[in-house]
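Scroll down for the structure; my scribbles are underneath it.
Numbering (this note's numbering), first residue to last: 1 to 122.
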(Lines of atoms letter the chains of each structure in order from A and count residues from 1; the text may use other names and numbers.)
(Lines give C-alpha, C1' and ligand atoms only; values in the text may rest on other atoms or scores of the structure.)
Protein backbone atom coordinates (compact mmCIF):
# COMPACT_ATOMS: atom_id res chain seq x y z
CA UNK A 1 0.00 0.00 0.00
CA UNK A 2 1.21 3.45 -0.91
CA UNK A 3 1.24 5.49 2.32
CA UNK A 4 0.59 8.81 0.52
CA UNK A 5 -2.55 7.39 -1.08
CA UNK A 6 -3.73 5.91 2.21
CA UNK A 7 -3.22 9.29 3.90
CA UNK A 8 -5.26 10.89 1.11
CA UNK A 9 -8.04 8.35 1.68
CA UNK A 10 -7.92 9.09 5.43
CA UNK A 11 -8.23 12.85 4.82
CA UNK A 12 -11.17 12.30 2.50
CA UNK A 13 -12.93 10.01 4.99
CA UNK A 14 -12.33 12.47 7.82
CA UNK A 15 -13.72 15.35 5.72
CA UNK A 16 -16.81 13.34 4.84
CA UNK A 17 -17.30 12.38 8.48
CA UNK A 18 -16.96 16.04 9.55
CA UNK A 19 -19.98 16.85 7.36
CA UNK A 20 -21.94 13.83 8.60
CA UNK A 21 -21.71 11.68 5.47
CA UNK A 22 -23.53 8.39 6.01
CA UNK A 23 -22.44 4.81 5.36
CA UNK A 24 -18.87 5.67 4.34
CA UNK A 25 -17.27 2.79 2.44
CA UNK A 26 -13.73 2.55 1.08
CA UNK A 27 -13.16 0.00 -1.68
CA UNK A 28 -9.63 -1.16 -2.52
CA UNK A 29 -9.57 -1.58 -6.30
CA UNK A 30 -5.92 -2.63 -6.52
CA UNK A 31 -5.77 -5.75 -8.66
CA UNK A 32 -9.43 -5.32 -9.63
CA UNK A 33 -9.30 -2.26 -11.88
CA UNK A 34 -6.81 0.11 -13.49
CA UNK A 35 -9.29 2.98 -13.11
CA UNK A 36 -7.92 4.03 -9.70
CA UNK A 37 -6.67 2.47 -6.47
CA UNK A 38 -9.59 3.34 -4.17
CA UNK A 39 -13.22 4.40 -4.25
CA UNK A 40 -14.58 6.33 -1.29
CA UNK A 41 -18.38 6.18 -1.25
CA UNK A 42 -20.84 8.01 0.97
CA UNK A 43 -24.41 9.23 0.89
CA UNK A 44 -26.81 11.58 2.57
CA UNK A 45 -30.50 12.38 2.41
CA UNK A 46 -30.38 15.85 0.83
CA UNK A 47 -28.78 17.45 -2.20
CA UNK A 48 -27.68 20.36 -0.03
CA UNK A 49 -25.76 17.96 2.20
CA UNK A 50 -24.21 16.25 -0.85
CA UNK A 51 -22.81 19.64 -1.91
CA UNK A 52 -21.65 20.43 1.64
CA UNK A 53 -19.69 17.18 1.77
CA UNK A 54 -18.16 17.83 -1.66
CA UNK A 55 -17.18 21.38 -0.67
CA UNK A 56 -15.60 20.10 2.56
CA UNK A 57 -13.54 17.41 0.79
CA UNK A 58 -12.36 19.82 -1.89
CA UNK A 59 -11.57 22.56 0.62
CA UNK A 60 -9.61 20.32 3.01
CA UNK A 61 -7.59 18.77 0.20
CA UNK A 62 -6.92 22.16 -1.39
CA UNK A 63 -5.49 23.31 1.95
CA UNK A 64 -3.08 20.38 1.67
CA UNK A 65 -2.12 21.38 -1.88
CA UNK A 66 -3.99 18.44 -3.40
CA UNK A 67 -5.87 19.43 -6.53
CA UNK A 68 -8.77 17.64 -8.13
CA UNK A 69 -8.33 16.09 -11.55
CA UNK A 70 -12.02 15.99 -12.51
CA UNK A 71 -15.43 16.69 -10.99
CA UNK A 72 -18.90 15.68 -12.23
CA UNK A 73 -22.47 16.10 -11.03
CA UNK A 74 -22.16 19.09 -8.71
CA UNK A 75 -24.96 21.00 -10.45
CA UNK A 76 -27.54 18.29 -9.74
CA UNK A 77 -26.29 17.33 -6.28
CA UNK A 78 -27.60 13.78 -6.71
CA UNK A 79 -24.30 12.01 -7.43
CA UNK A 80 -21.05 13.93 -7.37
CA UNK A 81 -17.83 12.30 -8.50
CA UNK A 82 -14.48 13.73 -7.42
CA UNK A 83 -11.47 12.28 -9.23
CA UNK A 84 -8.16 12.61 -7.40
CA UNK A 85 -6.45 10.20 -9.84
CA UNK A 86 -5.60 7.41 -7.39
CA UNK A 87 -8.77 7.95 -5.36
CA UNK A 88 -12.27 8.56 -6.73
CA UNK A 89 -14.88 9.91 -4.33
CA UNK A 90 -18.59 9.23 -4.91
CA UNK A 91 -21.01 11.39 -2.90
CA UNK A 92 -24.58 10.25 -3.44
CA UNK A 93 -28.05 11.28 -2.52
CA UNK A 94 -29.30 8.21 -0.60
CA UNK A 95 -31.80 7.10 -3.27
CA UNK A 96 -29.24 7.36 -6.06
CA UNK A 97 -26.71 5.34 -4.11
CA UNK A 98 -29.23 2.55 -3.69
CA UNK A 99 -30.16 2.70 -7.38
CA UNK A 100 -26.59 2.65 -8.78
CA UNK A 101 -25.25 0.16 -6.19
CA UNK A 102 -21.55 0.92 -6.75
CA UNK A 103 -20.57 -1.51 -4.00
CA UNK A 104 -22.44 -4.30 -5.79
CA UNK A 105 -20.88 -3.50 -9.15
CA UNK A 106 -17.39 -3.60 -7.61
CA UNK A 107 -18.07 -6.61 -5.37
CA UNK A 108 -14.62 -8.08 -6.14
CA UNK A 109 -12.98 -5.11 -4.41
CA UNK A 110 -11.90 -5.38 -0.78
CA UNK A 111 -13.75 -3.20 1.73
CA UNK A 112 -11.23 -1.32 3.85
CA UNK A 113 -11.70 -0.71 7.58
CA UNK A 114 -12.02 3.10 7.68
CA UNK A 115 -11.52 3.31 11.45
CA UNK A 116 -8.09 1.74 11.06
CA UNK A 117 -7.19 4.10 8.19
CA UNK A 118 -8.10 7.16 10.25
CA UNK A 119 -6.39 5.91 13.45
CA UNK A 120 -3.18 5.08 11.57
CA UNK A 121 -3.00 8.20 9.37
CA UNK A 122 -4.62 11.21 11.02
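In this text, a Cβ means the ideal position worked out from N, Cα and C, and glycines have one as well.
Measuring CB atoms only, is the stretch 56-76 touching the stretch 27-39, in the sense that at least three cross pairs come out at less than 8 Å? no
Can you tell me the Cα-Cα spacing of residue 140 and residue 10, whole angstroms? Beyond the ends of the chain as shown, which are 1 and 122, falls residue 140; an answer cannot be given.
Applying the 10 Å Cβ sphere with the 16-neighbour rule, what's the burial state of residue 48? Counted from its first residue, the chain shown places residue 48 at position 48. Its Cβ having fewer than 16 others within 10 Å, residue 48 is exposed.
Which one or two residues does DSSP pair with residue 163 in a beta bridge? Absent from the model: residue 163. The displayed extent of the chain is 1 to 122, so no value can be given.
Take the Cβ of residue 20 as the centre, count every other Cβ of all protein chains shown within 10 Å, and call the residue buried at 16 or more, exposed below. Residue 20 sits at position 20 when you count from the first residue of the chain shown. It counts as exposed.
Pairwise C-alpha distance: residue 26 and residue 50: Counted from its first residue, the chain shown places residue 50 at position 50. Counted from its first residue, the chain shown places residue 26 at position 26. Going from the Cα of residue 50 to the Cα of residue 26 covers about 17 Å.
Within 10 angstroms of the Cβ of residue 92, are there 16 or more other Cβ atoms? Answer buried if so, exposed if not. Taking the first residue of the chain shown as 1, we reach residue 92 at position 92. So residue 92 ends up on the buried side.
The beta strand (DSSP E) spanning residue 24 covers which residue range? Looking up residue 24 in the chain shown gives position 24. Counting along the chain, the beta strand (DSSP E) containing residue 24 begins and ends at 22-28.
Do residue 16 and residue 53 have their CB atoms nearer than 8 Å? On the chain shown, residue 16 is found 16 positions in, with the first residue counted as 1. On the chain shown, residue 53 is found 53 positions in, with the first residue counted as 1. Against a cut-off of 8 Å, the Cβ pair of residue 53 and residue 16 comes out as a contact.
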